[in-house]
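Student: Numbering (the working numbering), first residue to last: 253 to 437.
1) Where does residue 303 land, buried or exposed, given buried means 16+ other C-beta within 10 angstroms?
2) Among 328, 393, 293 and 415, which residue has its Cα nearest to the Cα of residue 285?
3) Specify the secondary structure class of residue 363 as computed by DSSP and reduced to three states.
4) Relative to the C-alpha of residue 305, which candidate in 363, 295, 312 and 322 has its C-alpha closest?
5) For the putative contact between residue 268 and residue 297, defined by C-beta atoms under 8 Å, what is the C-beta separation to the nearest angstrom?
6) Is it the case that the Cβ atoms of residue 311 and residue 318 are separated by a distance below 8 Å?
7) Evaluate residue 280 with the Cβ neighbour count: other Cβ atoms within 10 Å of its Cβ, from every protein chain shown; 16 or more gives buried, anything less gives exposed.
8) Ordered along the chain, which non-local residues of its own chain (more than five positions away) have a Cβ less than 7 Å from that of residue 363?
9) Please go through the same chain and pick out, in chain order, the residues whose beta-carbon is closer than 8 Å to the beta-carbon of residue 436, but skip the five residues on each side of it.
10) Is the separation between the beta-carbon of residue 353 and that of residue 360 shorter than 8 Å?
11) Of all the options 261, 376 and 382, which has the alpha carbon lying nearest to the alpha carbon of residue 358?
12) Taking the alpha helix (DSSP H) that residue 288 falls in, what are its first and last residues?
13) State the start and end residues of the unbroken alpha helix (DSSP H) segment that holds residue 427.
14) Exposed or buried, residue 370, counting other C-beta atoms within 10 Å across all chains shown (16 or more means buried)?
15) Under 8 Å: do the stretch 379-397 and the stretch 256-270 share three or more Cβ pairs, one atom per stretch?
16) Within 10 angstroms of the Cβ of residue 292, are there 16 or more other Cβ atoms? Answer buried if so, exposed if not.
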């Protein structure tokens with residue numbers, strides 16, 4: 253099995269789960285870019301900046317060191333989709349709405365690197381139905397990756413395949429989740 257070398261991760265969605273997944277990634281020194289919608293008022297990355305600021309206040313603490321919040325790169329879907337091309341893993345963690353997820357997948361698909369894995373953190377939607385909306389070349393690299401809340405403290409991560417997920421993708425993701433993130437699968 254070839255080693256899945258994750259040099260950078262994109263997390264889509266700066267809500268409770270997305271922000272805490274990003275925090276766990278920086279805790280283990282994996283560079284991460286956290287995306288959300290462009291803010292309608294104030295700084296365009298205001299939604300992500302507020303989410304990162306909130307990480308510093310949460311209990312139990314999602315960050316091992318509060319100063320590590322500064323390691324999270326901020327981005328929005330309007331201006332920064334090209335940053336996805338530098339990421340080896342893209343974790344979608346937006347609200348549990350099929351229509352929103354499908355719209356986001358259409359927007360990001362052209363920007364996801366040819367080697368990258370795209371994974372959804374959904375806990376209630378069909379991974380196969382989400383996969384159906386993807387371009388053919390991305391389907392083999394798509395799966396579910398369900399972190400439990402709070403991600404830093406919960407040991408288990410579920411990996412969910414679709415009928416079109418390449419087995420090597422799950423093997424590579426499992427190796428990353430267990431060895432780098434310190435999780436059980």
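Glycine included, each C-beta is placed from N, C-alpha and C at the ideal position.
Here the structure is a predicted model, which is why all the values come from computation and not from measurement.
Tutor: Taking the structure as given:
1) By the 10 Å Cβ count, residue 303 comes out buried.
2) The candidate whose alpha carbon is nearest that of residue 285 is 328.
3) Residue state, collapsed to three classes: helix.
4) When only C-alpha atoms are compared, the closest one is 322.
5) Not quite, the Cβ-Cβ distance comes to about 18 Å (not below 8 Å), so this is no contact.
6) Annotated as distal: residue 311 and residue 318, with beta-carbon spacing of 8 Å or more.
7) Exposed, by the Cβ-count rule.
8) Counting only Cβ-Cβ distances below 7 Å, and skipping sequence neighbours, we find 333, 334, 336 and 337.
9) The beta carbon of residue 436 sits closer than 8 Å to those of 407, 408, 409 and 430, all from its chain and outside the five residues before and after it, given in chain order.
10) No, they are not a contact pair.
11) The option with the nearest alpha carbon to residue 358 is 382.
12) Element bounds for residue 288: not the alpha helix (DSSP H) but the beta strand (DSSP E), 284-288.
13) Here the alpha helix (DSSP H) through residue 427 covers 419-427.
14) Label assigned to residue 370: buried.
15) Too few Cβ pairs lie closer than 8 Å, so no.
16) Under a 10 Å Cβ-count criterion, residue 292 is classified as exposed, with fewer than 16 other Cβ atoms of the shown protein chains found around its own Cβ.
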